[in-house]
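So the structure is just underneath, and the comments pick up after that.
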Ligand code: NAD
Ligand code: IPM
Ligand code: MN
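In this note's numbering, the protein residues as written are 7 to 356.
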C-alpha cells in the first residue's frame, strides 16, 4: 500500500493540506497516510525545523504531500533553525532538482486575474524550475569589507551536469505539449547564465522537434504580463523560477491556484508535492485560504509518483467543475471558506 508522508507545516499549510487529504481519501484508493511536523511546527516540536524523524518519513514514503512553511516568530533565528531551512533541506536530501509548476487558467476564472481576460485567455504554461542549485545553495555568509563595512554574500553557480538534467526535463515536457521551450536566464550579465545558455543549446541537438528560444529574465517578466498565453514551457534556474512562478500565478487568477511537483527524476521517482504559495501569515487561522493549489498538488502526486493518471484527472476535473459552478474563495472574489471550497470539489468528485 503506497505510503504518503503528510507534512502540513505552518500557517495556512495545515488548512489547505487537510482539504487535499480529504480529496485523496475520497478516491477509494488504498493509501496510507503518516503525518509529521515540519518548519516552525518542527522547531516547536523538537527544536529543529526538519526533525530527523520527519526527514526519515519523507525518505521512506512513496510521495510527500507538503503544505507550506514560514512563521514570522522565527525570522530572527539563525538561518539553519528557520522554517525555510526545512524545505531547502528536504529538497536537497531527496534530490528534488526538478520543480514542475503549471500555471493554467481554469474556465470561469478569466475575471479573477488583474490582467485583461483577453490577455490571459488560453493560459497554459509549465514552468520547469531548477530546485537544488543556483544562488540558493551556494556558499553564503557575512564578512567585513576592507573599509570595515558589513557585507552579505551568496555565491551563484551551476555546473554543466546540473543544467543538462533540468534542460532535459524542460525538453521532455515541451515534447509532450506544444513543442515550445523558452529558456530564461541573464546571460548578458551573469557567467552562470552564459553556461546555462550554452548547455541548454547543446541539449537542444537531441530535440529537433522542440522549438527552443532564449529570453532574458527581465524581458520574460514583462512578456508574462504582456502575452502570457504565448508561452508553453519555461525552463529556468532556481531564483528566477521562484520569482516568475509567483508572477505567473496571477495570470491564472491567484497564487492559491498553482500546484507543484518536485521530482528527483523525469519519471517514476519519488517526489514532493506542494502549492507554490507560502504559509500566508496574514490570513492564517481564518479559513480564508484557497485550497485548490494543495488539492491540485495531490493530483500531481497521483500522476507523477503513483501512476494513477485517471484519479489525477478526476481531481483536476472536479476542481474545474467546482469553479465553473461558481465556487470561489476570497482570493478569487468569492466568499467560500477553505473547508467549503474543499466541499465543493468533493461534491464534483462523486
Ligand atoms: P505567501 O505565498 O505566504 O503569501 C503571499 C500573499 O498571497 C499573502 O497575501 C497571502 O495571504 C496570499 N496567499 C498565499 N496563498 C494563498 C492561498 N492559498 N489562498 C489565498 N491567498 C493566499 O508569501 P509571503 O507572505 O511572502 O511569505 C510568508 C511565509 O511563507 C514566509 O515565511 C515565507 O518564507 C514562506 N513561504 C513558504 C513557501 C513554501 O512553503 N513553499 C513558499 C513561499 C513562501
Ligand atoms: C517556494 C518558496 C521557497 C523558495 C522558500 C520558502 C524557501 O518561496 O517554494 O517558492 O524560495 O523556493
Ligand atoms: Mn516562492
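Glycine included, C-beta positions come from ideal geometry on N, C-alpha and C.
So, using beta-carbon positions, are residue 131 and residue 238 closer together than 8 angstroms?
-> Residue 131 places its beta carbon less than 8 angstroms from that of residue 238.
Output the residue ranges of the alpha helix (DSSP H) runs that lie fully inside the segment 50-92 and measure 4 residues or longer, sorted by chain position.
-> Taking only runs of at least 4 residues, the alpha helix (DSSP H) segments lying wholly in the segment 50-92 are 58-66.
Can you tell me whether residue 242 is buried or exposed, with buried defined as 16 or more other CB within 10 angstroms of its CB?
-> With 16 or more Cβ atoms within 10 Å of its Cβ, residue 242 is classed as buried.
For residue 180, three-class secondary structure by DSSP = Residue 180: helix per DSSP, three-state reduction.
Presumed contact (8 angstroms Cβ cut-off) between residue 280 and residue 302, rounded CB distance = That pair is no contact at about 11 angstroms.
Residues in its own chain within less than 7 angstroms of residue 192 by CB, not counting five upstream and five downstream?
-> Residues of the same chain with a CB within less than 7 angstroms of the CB of residue 192, apart from the 5 flanking positions on each side, are 199, 222 and 223 in chain order.
Which of helix, strand or coil DSSP assigns to residue 157 | Residue 157: strand per DSSP, three-state reduction.
Buried versus exposed call for residue 123 [16 or more other C-beta atoms within 10 Å across all chains shown] = Exposed.
According to DSSP, which residues form a beta bridge with residue 219?
-> The bridge partners DSSP lists for residue 219 are 188.
Taking 7 angstroms as the line, does the beta carbon of residue 90 fall inside it for any heavy atom of the ligand IPM?
-> For residue 90, the CB falls within less than 7 angstroms of some heavy atom of the ligand IPM.
Euclidean distance between Cα positions of residue 20 and residue 109 = Straight-line Cα distance between these residues: approximately 23 angstroms.
What does DSSP give as the partner residues of residue 242 in its beta bridges?
-> According to DSSP, residue pairing for residue 242 in a beta bridge involves 135 and 190.
Is the Cβ-Cβ distance between residue 308 and residue 71 less than 8 angstroms?
-> At least 8 angstroms separates the beta-carbon of residue 308 from that of residue 71.
Measure how close the beta-carbons of residue 75 and residue 44 come, nearest whole angstrom, since I'm counting them as under 8 angstroms.
-> Between residue 75 and residue 44 the beta-carbon gap is near 6 angstroms, inside 8 angstroms, which marks them as a contact.
CB contact flag (residue 103, residue 138, <8 angstroms) | In this structure, residue 103 sits near residue 138, with a CB-CB distance shorter than 8 angstroms.
DSSP state of residue 151 mapped onto helix, strand, coil = Per DSSP, reduced to three states, the secondary structure at residue 151 is coil, with no helix or strand assignment.
State the DSSP-derived secondary structure class of residue 355, mapped to helix, strand or coil.
-> If DSSP states are grouped into helix, strand and coil, residue 355 belongs with the helices.
Determine the direct distance from the alpha carbon of residue 82 to that of residue 291, and round the result to whole angstroms.
-> Looking at the backbone, the Cα of residue 291 and that of residue 82 are separated by about 22 angstroms.
Cβ-based neighbour list, residue 117, same chain, cut-off 7 angstroms, excluding 5 preceding and 5 following | Answer for residue 117: 123, listed in chain order.
Got a sec? Which residues, its chain only, sit under 7 angstroms from residue 205 by beta carbon, not counting five neighbours each side?
-> The answer, listed in chain order, is 166, 169, 170 and 173.
Using three-state DSSP, classify residue 12 as helix, strand or coil.
-> Here residue 12 sits in strand by DSSP.
Expressed to the nearest angstrom, what Euclidean distance is found between the alpha-carbon atoms of residue 189 and residue 134?
-> Straight-line spacing of the CA atoms in residue 189 and residue 134 works out to 9 angstroms.
For the alpha helix (DSSP H) that contains residue 198, what are its first and last residues?
-> If you look at residue 198, you'll find it in the alpha helix (DSSP H) that goes 197-209.
Closer than 7 angstroms: is that where the CB of residue 131 sits relative to any heavy atom of the ligand IPM?
-> No.
Alpha helix (DSSP H) segment containing residue 306, residue limits | Start and end: 298-310.
On the three-pair Cβ rule with 8 angstroms, is the segment 308-319 touching the segment 41-58?
-> No, because fewer than three Cβ pairs between the segment 308-319 and the segment 41-58 fall closer than 8 angstroms, the two stretches do not touch.
Taking C-alpha atoms, which residue in 178, 65 and 341 lies nearest to residue 209?
-> When each option's Cα is compared against that of residue 209, the closest is 178.
Can you have a look at residue 211 and say buried or exposed, based on whether 16 or more other CB atoms are within 10 angstroms of its CB?
-> Classification for residue 211: exposed.
In whole angstroms, what separates the C-alpha of residue 363 from that of residue 98?
-> Missing from the structure shown is residue 363; the chain here goes from 7 to 356 and no further.
Is the beta carbon of residue 344 sitting closer than 8 angstroms to the one on residue 25?
-> In contact: residue 344 and residue 25 (Cβ atoms closer than 8 angstroms).
Buried or exposed: residue 140, going by 16 or more other Cβ atoms within 10 Å of its Cβ?
-> Around the Cβ of residue 140, a 10 Å sphere holds 16 or more other Cβ atoms; the residue is buried.
Through-space distance from residue 154 to residue 64, alpha-carbon basis | If I take the Cα positions, the gap works out to 44 angstroms.
So, helix, strand or coil for residue 97, using DSSP?
-> DSSP places residue 97 in helix when its eight states are reduced to three.
Thinking C-alpha only, which one of 256, 349, 327 and 55 is nearest residue 338?
-> Comparing C-alpha distances from residue 338 to each of 256, 349, 327 and 55 shows the shortest one belongs to 256.
Locate the beta strand (DSSP E) running through residue 366, then write down its first and last residues.
-> Given that the chain is displayed from residue 7 to residue 356, the structure contains no residue 366 and the question cannot be resolved.
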